[in-house]
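A short write-up of the structure that comes next.
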Amino acid sequence: MEALRAGNPLSVGDVTLVPIERAWVRSDMGDAGYWTSAFKEFFAVVVCDASGVRALDANSSEIALDALIRKTPNLGAILSGL
318 MEALRAGNPL SVGDVTLVPI ERAWVRSDMG DAGYWTSAFK EFFAVVVCDA
368 SGVRALDANS SEIALDALIR KTPNLGAILS GL
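Okay, structure coming up:
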């Protein structure tokens with residue numbers, strides 16, 4: 318299972334940042350037993366400022382905001398409240 322999740326918005330002055338994390342859980346069963354592992358990593362950040370709203374990935378490249386909103390539960394609601 319893999320999912321994107323929006324973190325809590327952070328406002329500094331006139332800029333608001335919304336972190337986006339990718340989390341996934343994997344499990345497997347083998348001769349030695351059953352194991353589960355979970356990981357969480359930074360995926361992107363949404364920047365809201367006087368220039369507008371944009372999303373940047375972990376390499377600081379701009380990514381499509383509408384696609385990120387579709388893939389990330391509650392991101393649209395968070396952004397509409399800003």
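Heads up, the sequence shown is in the numbering used here, so the first residue is 318 and it goes up one at a time.
Where a beta carbon is used, it is the ideal one built from N, C-alpha and C, also for glycine.
Quick one: is the Cβ of residue i within less than 7 Å of any heavy atom of the ligand FMN?
i	result
residue 342	With respect to the ligand FMN, the structure offers nothing, as it holds no ligand at all.
Does the Cβ-Cβ distance between residue i and residue j come in under 8 Å?
i	j	result
residue 333	residue 342	no
residue 340	residue 356	yes
Would you please state the rounded distance, in angstroms, between the beta carbons of residue i and residue j? I believe it to be under 8 Å.
i	j	result
residue 366	residue 331	6 Å
I'd like the list of long-range same chain contacts for residue i, defined as Cβ closer than 8 Å, with 5 residues on each side in sequence excluded.
i	result
residue 396	335, 363, 365, 370 and 386
Consult DSSP for residue i and reduce its assignment to one of helix, strand or coil.
i	result
residue 369	strand
residue 345	strand
residue 399	coil
residue 331	coil
residue 361	strand
residue 384	helix
residue 394	helix
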